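So the number in this note's numbering is just where the residue sits in the first sequence, counting from 1, plus 340. Glycine is no exception: its CB is placed at the ideal position from the N, C-alpha and C atoms. Since the structure is predicted, the reported quantities are computational estimates derived from the model, not experimental observations. Structure first, then comments.
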Amino acid sequence: MRYSEALIPTVKEVPSDAEIPSHQLMIRAGLMRKLASGTYTYLPAGWRILKKVMNIVRNEMDKSGAQEILMPSVQPMELWQQTGRNVDYGPTMAHFTDRHGRENVLAPTAEEVVTNLAAGEINSYKQLPINLYQISFKFRDEFRPRFGVLRSREFIMKDAYSFHADEKSLDDTYKVMYETYKRIFSRCGLKYVIVEAESGEMGGSGSHQFTIPCESGEDVIVQTEDGSYATNIEKAPVDALPAKTGNKNYKPVEEINTPNRKTIEEICAFLKANAKELIKTLVYKSGTDLILALVRGDFEINPEKLRCVAGKSIELADEQTIKALTGAEVGFAGPIGITPKINKLIIDHSVLTIEAGITGANKTDYHVKNVVPGRDFPITGKNVIIADIRNAVQGDTYKGQKLTFKRGIEVGQVFKLGTKYSTKLGAKFLDKDSTEKFCIMGCYGIGINRIVASAIEISRDNDGIIWPISIAPFDVIITPAGNGEEIAAAAENIYNELTAAGAEVLLDDRDARGGVKFKDADLLGIPIRVTIGAKSLAENNAEIKLRRESEITKVPLVQVKEKILQLIEKLKAELNVGA
RNA sequence: CGGGGUGUAGCUCAGUUUGGCUAGAGCGCCUGGUUUGGGACCAGGAGGCCGUAGGUUCGAAUCCUAUCACCCCGACCA
């Protein structure tokens with residue numbers, strides 16, 4: 341492609357609404373432009389990159405035995421009502437009423453549609469297993485789109501769904517997808533961490549996330565020191581801190597006036613207490629059930645863990661519910677005396693490190709001190725559960741190993757779904773033994789745009805992007821530097837040779853000074869640069885430079901083509917893991 | 001959804017506090033010339049309903065009201 345004819349509008353200035361490097365660089369390098377919050381138009385160079393990524397994904401998926409299909413991005417609401425996921429997704433799911441009054445949703449994902457397809461087409465175990473995938477636009481009306489393409493409303497996702505006759509078959513495909521994902525991300529030049537994402541519910545290794553560690557990531561990855569175990573902070577289990585069971589000769593509970601002190605910080609400051617002595621009490625609702633959750637003051641409840649322990653979905657209680665339960669304003673709840681009024685008391689291990697603590701008095705503007713767990717509120721009993729329900733923090737251990745924390749971008753997830761969708765949507769088949777069974781399912785997603793953004797996050801410098809060749813918009817950029825017909829002709833010649841040999845080449849034939857071309861070449865991040873200038877041309881040489889290295893090699897003009905083709909092969913080989 | 005902020009040239013932003021504007025700068029764009037290896041220089045030029053709609057005023061980018069868009073923070077409060 342000739343630069344003079346291409347729409348690659350690079351800009352010098354950092355756009356004011358771009359916060360993280362990948363977002364800034366994608367705008368600056370002319371890869372995309374924003375249309376509205378969370379939606380972007382991909383310009384030629386940006387679209388080339390996306391296509392490269394999609395082709396790698398497609399290639400590996402096809403090799404794995406999956407079959408590509410394409411499902412509609414407008415789906416009937418009825419399907420979602422059948423699985424109840426219209427409620428789960430809530431306002432994140434965009435929907436509209438068509439002219440006939442039918443409700444439609446803009447696909448945020450496609451489990452319903454694909455399961456509906458399977459329900460109609462799969463009748464026999466002989467058709468199983470099967471793995472269907474698509475690469476398509478998804479829409480999620482995020483409550484807060486941000487970070488450019490990392491959390492956008494419209495994005496491209498590869499989503500695959502597998503159907504099986506038995507668990508063993510699902511396990512097999514799951515493993516195949518797991519390996520396929522490793523190859524996909526490696527080929528995209530990404531260093532990933534595989535994170536355990538689903539700890540209990542479905543048993544064992546139900547789900548893994550593929551995460552790219554980098555500063556701008558929205559997820560927090562927790563790893564054991566030896567790297568053998570990695571998990572998302574939302575699930576990260578921690579060892580229980582040693583419980584204290586000192587002598588029981590504590591003073592009786594005593595009320596203290598704490599006017600208008602509601603938060604942990606306020607109470608600590610007011611009573612000159614350490615947050616480690618406080619028992620934080622939170623009221624949750626689960627349908628009509630009330631759940632009281634306790635955690636030590638310096639920790640935070642982890643809603644995901646709490647949900648697992650509670651065994652069902654939960655939400656924080658509203659003000660009215662709390663007032664009705666505690667008889668006090670919000671901010672003064674405590675476990676003493678109200679346990680008969682709740683359905684479940686869930687206590688984090690950390691509370692048991694408190695011998696005599698401070699907590700809310702269930703009376704506006706009052707707290708109580710000398711609160712002894714087990715004496716003043718139950719720590720055993722039918723509706724009392726002691727569990728790990730708090731967020732892991734620096735200093736925690738798991739199985740005796742110190743936990744480390746880093747941020748990451750989630751680029752892919754593999755998931756064992758079981759029969760959740762097949763039962764609700766009637767995806768049944770007749771098994772060998774002539775009994776009717778529900779398909780066991782798995783699903784496997786990859787965020788195409790996120791691959792692009794994370795590649796930039798982890799591979800860039802002050803001048804711009806440094807693409808791995810597998811997903812670069814072009815393999816080579818030719819920058820004639822200086823004017824003169826000989827230079828232009830030599831550049832043109834190399835361009836024609838390389839293009840004919842199948843390389844993807846951008847010829848910077850613009851009427852611009854060398855400096856401008858070099859800056860743009862670096863910003864765009866094309867892996868190989870060929871420069872032809874007056875000096876080297878006089879010696880019948882061209883200069884070859886890799887974007888990721890500073891070294892410049894002079895190569896005789898007649899050898900440039902071969903040399904470049906070799907370089908392309910070499911760079912590609914570095915990324916072709918086992919392919 | 002709650003809190004905060006910003007809307008002025010294609011982009012980045014001054015100007016708004018204290019109304020007087022016939023609205024500015026840098027970058028980008030167009031013309032001509034000189035240049036030409038790391039975002040050149042000179043000269044000339046195009047480009048704005050100051051987000052939108054009302055209002056106050058002799059007079060509004062500036063003050064008031066409403067509204068829309070975009071951005072940031074938060075949605076863990078006990």
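Asp512 and Glu750 do not touch by the CB rule: their CB atoms are close to 25 Å apart, not below 8 Å.
Apart from the 5 residues on each side of it in sequence, Ala537 sits with its Cβ closer than 7 Å to the Cβ of Ser547, His548, Gln549, Asn572, Lys575 and Gln753 in its chain, given in chain order. Inter-residue distance for Val351 and Asp860 is about 9 Å (C-alpha atoms, whole angstroms). DSSP places Ile786 within a strand segment (E or B) once states are collapsed to three. Distances from the alpha-carbon of Ser810 to those of Ile868, Lys768 and Gly785 put Ile868 closest.
With contact defined as three or more Cβ pairs closer than 8 Å, the region 803–822 and the region 838–855 are in contact.
Boundaries of the beta strand (DSSP E) around Leu685: Lys684 to Asp688. Between Asp481 and Arg491, the C-beta spacing is not below 8 Å. Looking at the DSSP output, Ile749 shares a beta bridge with Ile552. The beta-carbon distance between Asp629 and Lys739, rounded to whole angstroms, is 33 Å. This is too long to meet the 8 Å contact definition. With the rule of 3 Cβ pairs closer than 8 Å, the region 662–680 counts as touching the region 701–719. The three-state secondary structure of His440, taken from DSSP, is coil. The DSSP-derived three-state label of Glu345 is helix. Following the DSSP letters along the chain, one finds Ala633 in no alpha helix (DSSP H) but inside the beta strand (DSSP E) bounded by residues Asp629 to Arg636.
Note on the region 641–689: whole alpha helix (DSSP H) runs with a minimum of 4 residues are 643–650 and 659–666, in chain order.
In the structure shown, the three-state DSSP call for Glu494 is strand. Here the region 690–704 lies against the region 619–633, with 3 or more beta-carbon pairs under 8 Å apart. The residues Val708, Lys709 and Asn710, in chain order, have a CB closer than 8 Å to that of Glu594 in the same chain once the five nearest residues on each side in sequence are set aside.
For Ala882, the enclosing beta strand (DSSP E) stretches over residues Asn881 to Leu886. For Lys910, the enclosing alpha helix (DSSP H) stretches over residues Leu897 to Leu915. Inter-segment contact for the region 408–415 and the region 449–458 is present: three or more beta-carbon pairs are separated by less than 8 Å.
Annotation: the continuous beta strand (DSSP E) that includes Val533 extends over Val533 to Glu536.
The C-alpha of Ala874 is placed about 52 Å away from the C-alpha of Ile561. Counting C-beta atoms within 10 angstroms of its own C-beta, Thr551 has 16 or more neighbours from the protein chains shown and is therefore classed as buried. For the 8 Å CB-CB criterion, Lys894 and Glu909 do not form a contact. Among the bridge pairs identified by DSSP, Ser626 is matched with Asp629.
Check the Cα spacing between Ile534 and each of Cys528, Tyr521 and Arg527: the tightest is with Tyr521. By the Cβ rule, the region 758–771 does not count as touching the region 794–805, because fewer than three pairs are nearer than 8 Å. Between Glu565 and Gln734, the C-beta gap is not smaller than 8 Å, which leaves the two residues out of contact.
In the DSSP assignment, Asn600 falls outside any alpha helix (DSSP H), carrying neither H nor E. Within its own chain, the residues whose Cβ lies closer than 8 Å to the Cβ of Thr704, once the five positions on either side in sequence are excluded, are Ala668, Glu669 and Phe672, listed in chain order.
For Met417, the uninterrupted alpha helix (DSSP H) segment begins and ends at Met417 to Thr423.
For the beta strand (DSSP E) assignment, the uninterrupted runs of no fewer than 3 residues enclosed by the region 344–401 are, from N- to C-terminal side, 372–376 and 379–382. Taking 8 Å as the cut-off, the Cβ atoms of Arg527 and Leu915 count as close. Taken atom to atom, the span from the alpha-carbon of Ile686 to that of Ala727 is near 7 Å.
Comparing C-alpha distances from Asn600 to each of Leu611, Lys591 and Pro592 shows the shortest one belongs to Leu611.
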